[in-house]
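Protein chains in written order, with this note's numbering: chain A, 1 to 117; chain B, 1 to 111.
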Amino acid sequence: NAGVTQTPKFRVLKTGQSMTLLCAQDMNHEYMYWYRQDPGMGLRLIHYSVGEGTTAKGEVPDGYNVSRLKKQNFLLGLESAAPSQTSVYFCASEERKFQLTSTDTQYFGPGTRLTVL
Amino acid sequence: QQPVQSPQAVILREGEDAVINCSSSKALYSVHWYRQKHGEAPVFLMILLKGGEQKGHDKISASFNEKKQQSSLYLTASQLSYSGTYFCGTDPTSNTGKLIFGQGTTLQVKP
Numbered sequence: 001n002a003g004v005t006q007t008p009k010f011r012v013l014k015t016g017q018s019m020t021l022l023c024a025q026d027m028n029h030e031y032m033y034w035y036r037q038d039p040g041m042g043l044r045l046i047h048y049s050v051g052e053g054t055t056a057k058g059e060v061p062d063g064y065n066v067s068r069l070k071k072q073n074f075l076l077g078l079e080s081a082a083p084s085q086t087s088v089y090f091c092a093s094e095e096r097k098f099q100l101t102s103t104d105t106q107y108f109g110p111g112t113r114l115t116v117l
Numbered sequence: 001q002q003p004v005q006s007p008q009a010v011i012l013r014e015g016e017d018a019v020i021n022c023s024s025s026k027a028l029y030s031v032h033w034y035r036q037k038h039g040e041a042p043v044f045l046m047i048l049l050k051g052g053e054q055k056g057h058d059k060i061s062a063s064f065n066e067k068k069q070q071s072s073l074y075l076t077a078s079q080l081s082y083s084g085t086y087f088c089g090t091d092p093t094s095n096t097g098k099l100i101f102g103q104g105t106t107l108q109v110k111p
């Protein structure tokens, strides 16, 4: 099992460029998440998905779009990158079906470090 | 509303104990604890659900007081491997998965 993988690991963009970050999980998890992490800010939820074909907004969704066409993949898109989107992006997945239990765990990918110039 | 963690940073010697607190202004259903080492992804430690439970994981344990909307993480007899940044994530519901994370507490354990 590879767990949760993210592509690419690093990327530098110019303001206004677009890109897609790919998250893949091989654990057949229903829930998937995209977070960004900035110094001193902790993790902030961008968008999430509770199953194939579904997406929902998190805490900081502006400037991002997502798609979950296949259960194992969750894509995060930046249509027109801005310097404020410079951050480390983490994807996570979780098995939970609907109700949270004490054994539920979010598994995080290794992260993508994005710099927007 | 982001939960507030305290302290922001703590330095320990091996073998000493530490307590990290997480307080929310909103009613909570669950509190999730993670540890992140520099340059790595966060790693899950434990979840505490509404009901005021306590959990243990080796020498790391946690409590959740839903009336006070607080959770505490207890690290006993700290080891060098405990160094890192600890985050609490809070969720007021049972089924959305929308965690709000605190700003983190940096723990450094010295020999």
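Backbone N, C-alpha and C fix where the C-beta goes; we use that ideal spot for every residue, glycine too.
Predicted, not measured: the structure shown is a model, and the values here were computed from it.
Would you say residue 119 of chain A reaches chain B, if we count a Cβ-Cβ gap shorter than 8 Å as a contact? There is no way to answer for residue 119 of chain A, as the model of chain A reaches only from 1 to 117.
Beta-carbon contacts of residue 18 of chain A that lie in its chain and below 8 Å, excluding the five residues immediately before and after: 77, 78, 79, 80, 81
Is the beta carbon of residue 43 of chain B sitting closer than 8 Å to the one on residue 34 of chain B? yes
What are the start and end residues of each continuous beta strand (DSSP E) run of 3 or more residues lying completely inside the segment 15–40 of chain A, in chain order? 19–25, 31–38
Residue-level contact to chain A via CB, residue 100 of chain B, 8 Å cutoff: yes
Residues that residue 105 of chain A contacts on chain B, provided the C-beta gap is smaller than 7 Å: 44
Given a threshold of 16 other Cβ atoms within 10 Å of its Cβ, counted over all protein chains shown, does residue 77 of chain B qualify as buried or as exposed? exposed
With distances taken from CA atoms, which of B:98, B:8, B:12, B:107 is nearest residue 56 of chain A? B:98
Kindly say whether residue 27 of chain A, judged by its beta-carbon, lies nearer than 8 Å to any beta-carbon of chain B. no
Please list, in chain order, all residues of the same chain as residue 59 of chain B whose beta carbon is under 6 Å from its beta carbon, the five residues on each side excluded. 76, 77
Taking the CB atoms as reference points, tell me whether residue 5 of chain B and residue 20 of chain B lie closer together than 8 Å. yes
Report, in whole angstroms, the separation of the C-beta atoms of residue 75 of chain A and residue 20 of chain A, which I expect to be a contact under 8 Å. 5 Å
With three or more C-beta pairs closer than 8 Å as the rule, is the segment 44–51 of chain B touching the segment 61–72 of chain B? yes
By the 10 Å Cβ neighbour count, where 16 or more other Cβ atoms means buried, how is residue 13 of chain B classified, buried or exposed? exposed
Can you give me the C-alpha to C-alpha distance between residue 11 of chain A and residue 113 of chain A, rounded to a whole angstrom? 6 Å
Which listed residue (A:85, A:88, A:89, A:52) has its alpha carbon closest to that of residue 73 of chain A: A:52
Along the segment 61–89 of chain B, what residues have a CB closer than 8 Å to any CB found in chain A? 87, 89
Contact set between residue 103 of chain B and chain A, taken where Cβ atoms lie within less than 9 Å: 40, 41, 42
For residue 74 of chain A, go through chain B and note every residue whose CB falls closer than 7 Å to its CB, in chain order. Those within 7 Å of residue 74 of chain A in chain B number zero; the least Cβ separation is about 13 Å.
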